[in-house]
Amino acid sequence: MRILQILWDRRDFFLTCLLEHVRISLTAVICAGTLGVLTGIIISRHKKAANVVLGIINVVYTIPSISLLGFLIPFTGIGNKTAVIALTVYGLLPIVRNTYTGLVNVDASILEVAEGLGADKWQMLSGIRLPLALPVIISGFRNMVVMIIAMGGIASFIGAGGLGAAIYRGITTYNMTLTAAGSLLIAMFALFSDWLLAKAEKAAGRRYGIE
Amino acid sequence: MNKVIEIRDCTAAYGENKVLDHVSLHIDKGEFVVIIGPSGCGKTTLLKMINGLVAPVEGEVKIKGESLADCDLVAMRRSIGYAVQGAKLFPHKRVEENICYVPGLVKKMTAEDRRELAGRMLELVQLPRELASRFPSQLSGGQKQRVGIARAIAAKPDILLMDEPFGAVDEITRKGLQEELLALQQKTGMTVVFITHDIGEAFKLGSRILIMKEGMIWQEGMKEELLRNPRDGFVKKLLDR
Chain A
13 MRILQILWDR RDFFLTCLLE HVRISLTAVI CAGTLGVLTG IIISRHKKAA NVVLGIINVV
73 YTIPSISLLG FLIPFTGIGN KTAVIALTVY GLLPIVRNTY TGLVNVDASI LEVAEGLGAD
133 KWQMLSGIRL PLALPVIISG FRNMVVMIIA MGGIASFIGA GGLGAAIYRG ITTYNMTLTA
193 AGSLLIAMFA LFSDWLLAKA EKAAGRRYGI E
Chain B
-13 MNKVIEIRDC TAAYGENKVL DHVSLHIDKG EFVVIIGPSG CGKTTLLKMI NGLVAPVEGE
47 VKIKGESLAD CDLVAMRRSI GYAVQGAKLF PHKRVEENIC YVPGLVKKMT AEDRRELAGR
107 MLELVQLPRE LASRFPSQLS GGQKQRVGIA RAIAAKPDIL LMDEPFGAVD EITRKGLQEE
167 LLALQQKTGM TVVFITHDIG EAFKLGSRIL IMKEGMIWQE GMKEELLRNP RDGFVKKLLD
227 R
């Protein structure tokens, strides 16, 4: 009840934070999504490179997020830019891994038929491999989005905006309600995005006869 | 220039494992060649050599007078139909898109062109036009196989390669498919290379029958020749079945 009260009383503040959070997350999602899918496509062609790249991404993933933000400060300073970079790096793992897994697990006999019928490399990728890998890629994408939004809460520790600012302020001023309200908004934002993506996934499934 | 397919002294191997051992084969335009032999004899490899899915480590493959080693392989494949066991339709494409796949690779088709072509091909393989909007998962095994054939011949290829295309359908459906294929071949004058392990099917379809064993063409000829002069016990046993 007190949480709803504070959300209403300070709605301008929360709205600014939320919009900032959306902006940071969205930028990171676009960066990680593009970079991740491209990396996944490239490494799906070279098994050796795949092991190395996935290994590196796995190691980066084990770095605690707060220290990654710290490492980045000397290079990119504080603020939103650093937050976007850190979130992008974290977002890469699920999307690269799923794109890779999805692509290499496409039924080889189907690919051979496509090749035998005269599809060139690009037609194989765009017309057969990517669409068939799509369900796996989308599930990685959903994973990534939820993670980026949730982790976006920490970005305020290095001076970036977003709902983390509300949480951080709540902690430093010993205002539990403020912290809870910020957390609640992040959770709801994440759930809402996931719901939206689930709808998109369904639509894609209908288009491609997968259900 | 009647030889559409010339395989000259070709050897194929997967790593250390030799699958084809100095095979030579010439096929004339309009022939219906059936390849038969036990599994692992190299018949699929021989077929894949014709559309360049397998490259010989030794020897040369010439299709319509052009060597596969230095022609535009992608363009060449588009003029060669290819149908395999279990049809292997693209599961994410509707029947219509499956059928129009090869012509669509060459140039963008309008929705109308697609509908027209798919309708015509469905009729040719004796399927109702209503199937055009279905996904492969909504078809029966026999229907899939028919769509697979429609996809293979939609771009009017002059060569059609078939790798046990009727292996996974029931006896009655198979009979029907065989008859349709024969009629189709006679109508179009296509050159067909057809793999089977069913000697009855081979006799029914083939104008020439190739018996393979251990990566070699063991014996070839018309049905009567083979029955009259089987090379050895292996051939005799194969023909007896």
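Sequence lines, in order, name chains A and B.
So for the first sequence, the working numbering puts the first residue at 13; every next one is plus one.
So for the second sequence, the working numbering puts the first residue at -13; every next one is plus one.
The C-beta atom is built at its ideal place from N, Cα and C for all residues, glycine as well.
Measuring only between beta-carbons, confirm whether residue i sits less than 8 Å from chain B.
i: Tyr220/A; result: yes
i: Ile53/A; result: no
i: Leu144/A; result: yes
i: Ile140/A; result: yes
i: Lys214/A; result: no
Which residues in chain B sit within 7 Å of residue i, going by Cβ to Cβ distance?
i: Glu124/A; result: Leu39
i: Ser121/A; result: Lys74
May I have the straight-line CA-CA distance separating residue i from residue j, to the nearest angstrom?
i: Phe153/A; j: Met163/A; result: 15 Å
i: Ile66/B; j: Val125/A; result: 12 Å
i: Ala169/B; j: Phe18/B; result: 12 Å
i: Gly90/B; j: Gly67/A; result: 40 Å
i: Phe25/A; j: Lys133/A; result: 52 Å
i: Leu115/A; j: Val60/B; result: 22 Å
i: Ile122/A; j: Ser193/B; result: 30 Å
i: Lys130/B; j: Met136/A; result: 21 Å
i: Thr229/A; j: Thr191/A; result: Residue coverage of chain A in this structure runs from 13 to 223, which leaves residue 229/A outside it and unanswerable.
i: Met202/B; j: Ala140/B; result: 33 Å
i: Pro216/B; j: Lys222/B; result: 6 Å
i: Ile183/A; j: Asp206/A; result: 28 Å
i: Asp149/B; j: Gly38/B; result: 15 Å
i: Ser195/A; j: Met188/A; result: 11 Å
i: Glu223/A; j: Leu47/A; result: Caution applies to Glu223/A, whose pLDDT of 49 falls short of 50 and renders its modelled position unreliable; the model cannot decide the point.
i: Ala216/A; j: Met208/B; result: 52 Å
i: Ile228/B; j: Arg218/A; result: Residue coverage of chain B in this structure runs from -13 to 227, which leaves residue 228/B outside it and unanswerable.
i: Tyr220/A; j: Asn110/A; result: 19 Å
i: Met62/B; j: Ile42/A; result: 40 Å
i: Ser56/A; j: Gly72/B; result: 26 Å
i: Arg160/B; j: Phe152/B; result: 6 Å
i: Lys29/B; j: Lys199/B; result: 9 Å
i: Ala172/A; j: Ser151/A; result: 28 Å
i: Arg181/A; j: Ile18/A; result: 13 Å
i: Leu11/B; j: Arg(-6)/B; result: 7 Å
i: Leu197/A; j: Val88/B; result: 51 Å
Give me the chain A residues within the contact set of residue i, using Cβ-Cβ distance strictly less than 7 Å, ordered along the chain.
i: Val60/B; result: Gly130 and Asp132
Give the residues of chain B in contact with residue i, contact being defined as C-beta atoms less than 8 Å apart.
i: Gln135/A; result: Leu91
i: Glu127/A; result: Leu39 and Arg63
Report the residue from the options whose alpha carbon sits nearest the alpha carbon of residue i.
i: Lys4/B; options: Ile13/B, Lys(-11)/B and Gly26/B; result: Gly26/B
i: Arg35/A; options: Ser205/A, Lys211/A and Gly174/A; result: Gly174/A
i: Leu125/B; options: Lys74/B, Glu157/B, Leu146/B and Asp149/B; result: Lys74/B
i: Ala199/A; options: Gly176/A, Leu84/A, Ala210/A and Ala120/A; result: Gly176/A
i: Met107/B; options: Ile158/B, Glu166/B and Arg63/B; result: Glu166/B
i: Pro106/A; options: Thr51/A, Thr39/A and Glu32/A; result: Thr51/A
i: Gly128/B; options: Glu109/B, Arg137/B, Leu163/B and Glu211/B; result: Leu163/B
i: Ala69/B; options: Gly134/B, Glu102/B and Thr31/B; result: Gly134/B
i: Leu144/A; options: Gly165/A, Lys214/A and Asn117/A; result: Asn117/A
i: Thr177/B; options: Glu187/B, Gly186/B and Leu191/B; result: Leu191/B
i: Leu81/A; options: Lys59/A, Val49/A and Thr100/A; result: Thr100/A
i: Cys86/B; options: Arg214/B, Glu187/B and Arg100/B; result: Arg100/B
i: Ala210/A; options: Ser138/A, Pro147/A and Ile160/A; result: Pro147/A
i: Leu224/A; options: Lys93/A, Val49/A and Glu213/A; result: Because chain A in this structure spans residues 13 to 223, residue 224/A falls outside the shown range and cannot be described.
i: Phe76/B; options: Ala138/B, Glu98/B, Leu33/B and Leu6/B; result: Ala138/B
i: Gly103/A; options: Gly91/A, Ala40/A and Thr88/A; result: Ala40/A
Using a Cβ cut-off of 8 Å (strictly closer), state whether residue i contacts chain A.
i: Lys74/B; result: yes
i: Ser123/B; result: yes
i: Tyr0/B; result: no
i: Val70/B; result: yes
i: Val88/B; result: yes
For residue i and residue j, which I take to be in contact (beta-carbon distance under 8 Å), what is that distance rounded to the nearest angstrom?
i: Val20/B; j: Thr182/B; result: 6 Å
i: Leu30/A; j: Phe204/A; result: Incorrect: roughly 11 Å between the Cβ atoms, too far for contact.
i: Val179/B; j: Leu147/B; result: 5 Å
i: Ala(-2)/B; j: Met35/B; result: 6 Å
i: Arg80/B; j: Ser119/B; result: 6 Å
i: Val111/B; j: Ala136/B; result: 5 Å
i: Ala95/A; j: Ser77/A; result: Rounded, the Cβ-Cβ distance is 10 Å, inconsistent with contact.
i: Arg64/B; j: Val92/B; result: 6 Å
i: Ile15/A; j: Ala193/A; result: 5 Å
i: Tyr112/A; j: Ala44/A; result: The pair is not a contact, with the Cβ atoms about 15 Å apart (cut-off 8 Å).
i: Glu206/B; j: Ile197/B; result: 7 Å
Applying a beta-carbon distance threshold of less than 9 Å, which residues of chain A neighbour residue i?
i: Pro77/B; result: Asp119, Ile122, Leu144, Tyr220, Gly221 and Ile222
Beta-carbon of residue i versus every beta-carbon of chain C: anything under 8 Å?
i: Leu108/B; result: Absent from the structure is chain C; the protein chains it does hold are A and B.
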